[in-house]
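In the order they appear, the protein sequences are chains A and B.
Residue numbers for the first sequence follow the numbering used here, so the first one is 790 and each next one is one higher.
Residue numbers for the second sequence follow the numbering used here, so the first one is 790 and each next one is one higher.
Using N, Cα and C, we set each Cβ at its ideal position, and we do this for glycine too.
These numbers come from a predicted model, not from an experiment.
Number of protein chains: 2
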Amino acid sequence: MDLYRERGFDQTTAADIAQRAGVNTRTFFRHFPDKREVLFDGEADLSAALAQYVGEARDGLTPAEVLLHAFGKAAHILEGNRSFAEPRLALIAATPTLRERDLAKGAAMALSVAEALRRRGVDDRLADLAAHIAWAAFHHAAQNWIDDPTSGLQTYLTRAFENVNALFGSVRPAN
Amino acid sequence: MDLYRERGFDQTTAADIAQRAGVNTRTFFRHFPDKREVLFDGEADLSAALAQYVGEARDGLTPAEVLLHAFGKAAHILEGNRSFAEPRLALIAATPTLRERDLAKGAAMALSVAEALRRRGVDDRLADLAAHIAWAAFHHAAQNWIDDPTSGLQTYLTRAFENVNALFGSVRPAN
Numbered sequence: 790m791d792l793y794r795e796r797g798f799d800q801t802t803a804a805d806i807a808q809r810a811g812v813n814t815r816t817f818f819r820h821f822p823d824k825r826e827v828l829f830d831g832e833a834d835l836s837a838a839l840a841q842y843v844g845e846a847r848d849g850l851t852p853a854e855v856l857l858h859a860f861g862k863a864a865h866i867l868e869g870n871r872s873f874a875e876p877r878l879a880l881i882a883a884t885p886t887l888r889e890r891d892l893a894k895g896a897a898m899a900l901s902v903a904e905a906l907r908r909r910g911v912d913d914r915l916a917d918l919a920a921h922i923a924w925a926a927f928h929h930a931a932q933n934w935i936d937d938p939t940s941g942l943q944t945y946l947t948r949a950f951e952n953v954n955a956l957f958g959s960v961r962p963a964n
Numbered sequence: 790m791d792l793y794r795e796r797g798f799d800q801t802t803a804a805d806i807a808q809r810a811g812v813n814t815r816t817f818f819r820h821f822p823d824k825r826e827v828l829f830d831g832e833a834d835l836s837a838a839l840a841q842y843v844g845e846a847r848d849g850l851t852p853a854e855v856l857l858h859a860f861g862k863a864a865h866i867l868e869g870n871r872s873f874a875e876p877r878l879a880l881i882a883a884t885p886t887l888r889e890r891d892l893a894k895g896a897a898m899a900l901s902v903a904e905a906l907r908r909r910g911v912d913d914r915l916a917d918l919a920a921h922i923a924w925a926a927f928h929h930a931a932q933n934w935i936d937d938p939t940s941g942l943q944t945y946l947t948r949a950f951e952n953v954n955a956l957f958g959s960v961r962p963a964n
């Protein structure tokens, strides 16, 4: 992350990262297929954690409440790791090739969350839709947090869910 | 599209496509940077059309109603072009490298739609959130349409908006 901030993503090579970390390039590539993946090392953990939080949410919550609970816990983790999470998100937002990878990771994560909702008995299609909407809300909240860190990620997340409610809560088909 | 269906995406080269189209490979690459882009040729048009529909929606609609109107018109176009749209979406869903490109195009389209909402006077952040949520709903509806074409895309789209309402319409922060 230091290197990416000092030189920019495009000007940093895998060899540079390996050198800074005190390992050789072969060792780098044993751990990461490319220099993008360094920034997504925690995604599998986050995906598993989200699925677990969905499973652990108490009975009686609506799917959206389960998702707010799960993404809220994920937000809490990111906030606790802010010194890494914040520059990471800013770097992704500023780098098209990283945004593309981030979108793919996000889509995979939404599928994992949808699967966890299904295991709670949520209808197949509703689970897919709810997971993708919640993911979009989380992504939006994370962007807000990067733009203005004076509020916490959890605050932005709750506000995003409230705004989805306000925006889509009374939609009437217009024909 | 015929070639991709006959041989699969990975087994089809740009040279194959050029040959089938009766042009040489250089001509192909004058029109498309790679073989993925052939499938996204209409995205710029769709993005411009969506922004236009958002701008043209009548006054007095909520942002979500504007979006349902705009994406509904886009759905209508896709339905009218079903013989291409349906295998295209199925191919994208089945091919990871195309899904990644599709996600990037979708994100760009959501930004364009958000900008069109802002021009209607919708608050900056609400516009961004609403556009991404609507895009996720549209994407979900398109997937449903591919999975089960016995209903139309517009029907699935309206249902997706209704389900966002049902799912997120009464969320209470759970702490």
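Residue interval of the alpha helix (DSSP H) (run including residue 797 of chain A) = Residue 797 of chain A -> no alpha helix (DSSP H), and no H or E assigned at all.
Residues of chain A with CB under 7 angstroms from residue 917 of chain B, in chain order?
-> 929
Report the three-state DSSP secondary structure of residue 846 of chain B (helix, strand or coil).
-> coil
Could you tell me whether any Cβ in chain B is nearer than 9 angstroms to the Cβ of residue 959 of chain A?
-> yes
Burial state of residue 841 of chain A, where buried means 16 or more other Cβ atoms lie within 10 Å = exposed
Run through DSSP, which three-state label would residue 862 of chain B get?
-> helix
In angstroms, rounded to a whole number, what distance separates the CA positions of residue 833 of chain B and residue 824 of chain B?
-> 17 angstroms
Hey, quick one: how far does the alpha helix (DSSP H) through residue 885 of chain B stretch, first residue to last?
-> 885–908
Apart from the five residues on each side of it in sequence, which residues of its chain come closer than 8 angstroms, Cβ to Cβ, to residue 835 of chain B?
-> 863, 866, 898
Along chain B, which residues have their Cβ under 7 angstroms away from the Cβ of residue 914 of chain A?
-> 933
What is the DSSP secondary structure of residue 852 of chain A, counted as helix, strand or coil?
-> helix
Using Cβ-Cβ distances below 9 angstroms, what residues of the region 882–911 of chain A are close to chain B?
-> 885, 888, 889, 890, 892, 893, 895, 896, 899
Could you check what DSSP says for residue 813 of chain B in three-state terms: helix, strand or coil?
-> coil
What is the DSSP secondary structure of residue 791 of chain B, counted as helix, strand or coil?
-> helix
State yes or no: is the C-beta of residue 958 of chain B within less than 9 angstroms of the C-beta of residue 941 of chain A?
-> no
From residue 858 of chain A to residue 868 of chain A, what distance separates their C-alpha atoms?
-> 15 angstroms
Separation of residue 804 of chain B from residue 876 of chain A, as counted between CA atoms | 42 angstroms
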